[in-house]
Structures are given as structure tokens and as C-alpha cells.
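Asker: The structure is given below, and queries will be raised subsequently.
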Amino acid sequence: VLMTSDFLSCRNRAEVEFVTLLGAKKMGRIDFFRKVIVPQLSSTNHEMRNKIVRKILLDLPSLTESNPGFSNILSATKCIPSAVTGTMKSPLELYDPEVPQLAVLMDEDFFPEEF
33 VLMTSDFLSC
43 RNRAEVEFVT
53 LLGAKKMGRI
63 DFFRKVIVPQ
73 LSSTNHEMRN
83 KIVRKILLDL
93 PSLTESNPGF
103 SNILSATKCI
113 PSAVTGTMKS
123 PLELYDPEVP
133 QLAVLMDEDF
143 FPEEF
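When the count follows the numbering used here, it moves up by one through the sequence shown with no breaks and lands on 147 for the last residue.
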């Protein structure tokens, strides 16, 4: 469940203006990723999680430009399944399978599952 009752869905500009007058605030993109999406990644279904992680990785330069600490949060978040067991691991716990020396030295579960 990515969206909770903490959010409002407005159908038109008038509704946006009305809820803004009532004190509702629009959450910025980086805060939405940081406070809502990233904390739920490890519990999101496989297909949805992969789509979200791809989107975050594609947008990473712009996300870290406005909030340099975001990459630290993401790198410590268990959001990528390992190759063998599928155990959720953080990017910090995984190695690049395209580095031949690592492929020889490391157990396969230290590499990410292929997207």
C-alpha cells in the first residue's frame, strides 16, 4: 500500500485551491520518495518494486541534486533482491556482477537479481 489516508486526491484545480485554503500542503517530489515510497520498498510486490526502483535510478541525478542525502538513504534501503535467494538487500550489500574479479571471488547471493 503506497498511498495512505494521509493523502488527498483532488479532481480539479478548484479542489486543490480549496484544500490549500484549509491548510493542506503539497508534498514535494523528493519528500514523497523519501518519506512514502522508499520506506515501503521492501514490502512492495516484486513487479511494482522493480518499476519503482528503475524509476528512482533513472531520476537519481535530479533527486540527489535537490537533496544530496537521498542517495545515502536509498543506498541503505533493502530494496533489491539478491540473485540466488531473492533476499532483500541494500545496494551497499551488493556487488556489480559485471566485474570479473568479483564474480570469481564472491558468492552469487552478493549480486543483485537481474531486472
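A virtual CB, placed ideally from N, CA and C, is assigned to each residue, including glycine.
(1) Does the region 84-100 come into contact with the region 124-142, if we say contact requires no fewer than three beta-carbon pairs (one atom in each stretch) closer than 8 Å?
(2) For the putative contact between Pro144 and Ala115, defined by C-beta atoms under 8 Å, what is the C-beta separation to the nearest angstrom?
(3) Do you know how far the Cα of Leu95 is from the Cα of Arg45?
(4) Round the Cβ separation of Leu92 and Ser103 to the nearest angstrom and send it over; I've been treating them as touching at under 8 Å.
(5) Let me confirm a value: Pro71 is counted as buried when at least 16 other C-beta atoms fall within 10 Å, else exposed. Which label applies?
(6) Tell me the rounded alpha-carbon separation between Phe64 and Leu106.
(7) Determine the DSSP secondary structure at Met80, reduced to helix, strand or coil.
(8) Taking the beta carbon of Lys83 as the centre, do at least 16 other beta carbons fall within 10 Å, making it buried, or is it exposed?
(9) Going by alpha carbons, who is nearest to Pro123 out of Thr36, Phe142 and Glu79?
(10) In terms of residues, what are the limits of the alpha helix (DSSP H) holding Thr52?
Answerer: Short version:
(1) no
(2) Walking along the sequence shown from the start, residue 144 turns up at place 112. Walking along the sequence shown from the start, residue 115 turns up at place 83. 6 Å between Cβ atoms; contact.
(3) Numbered from its first residue, the sequence shown carries residue 45 at position 13. Numbered from its first residue, the sequence shown carries residue 95 at position 63. About 26 Å.
(4) The residue labelled residue 92 in the question sits at position 60 within the sequence shown. The residue labelled residue 103 in the question sits at position 71 within the sequence shown. With 8 Å as the limit, Leu92 and Ser103 qualify as a contact, their Cβ atoms being about 7 Å apart.
(5) Counted from its first residue, the sequence shown places residue 71 at position 39. It counts as exposed.
(6) Stepping through the sequence shown from its first residue, residue 64 is reached at position 32. Stepping through the sequence shown from its first residue, residue 106 is reached at position 74. Taking the straight line from one Cα to the other gives about 13 Å.
(7) For the purposes of this step, residue 80 is identified with residue 48 of the sequence shown, where counting begins at 1. Correct three-state label for Met80: helix.
(8) For the purposes of this step, residue 83 is identified with residue 51 of the sequence shown, where counting begins at 1. Exposed is the call here.
(9) In the sequence shown, residue 123 corresponds to position 91, counting from 1. Comparing Cα positions, the closest option is Phe142.
(10) Position 20 of the sequence shown, counted from the start, is the residue given in the question as residue 52. From DSSP, the alpha helix (DSSP H) with Thr52 extends over Arg45 to Leu53.
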